[in-house]
Amino acid sequence: LALEEERVAFTEVAIDEYDKLPEIINAFVEEVEDLGPNPFKGF
26 LALEEERVAF TEVAIDEYDK LPEIINAFVE EVEDLGPNPF KGF
């Protein structure tokens, strides 16, 4: 895949921290939206 490293994230969450998932996902979505469209899309 032609992805910038900023567009990929690995986050480890303990089983008892499942309630933090929406916050983690929303923060990552905001980061990716700030990056704008993938410049490699269409290649």
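FYI, in my numbering the residues of the sequence shown are 26 to 68.
Just so you know, even glycine gets a beta-carbon here, dropped at the ideal spot from N, CA and C.
Values in this document were obtained by computation on a predicted structure and should not be read as measured data.
Asked                                                                                             : Found
Cβ-Cβ distance between A27 and F53 below 7 Å                                                      : no
Residue interval of the alpha helix (DSSP H) (run including F53)                                  : L46 to L60
Neighbourhood of V57 by C-beta, 7 Å cutoff - its chain only, sequence neighbours within 5 removed : R32
Simplified DSSP assignment, three categories, for E29                                             : coil
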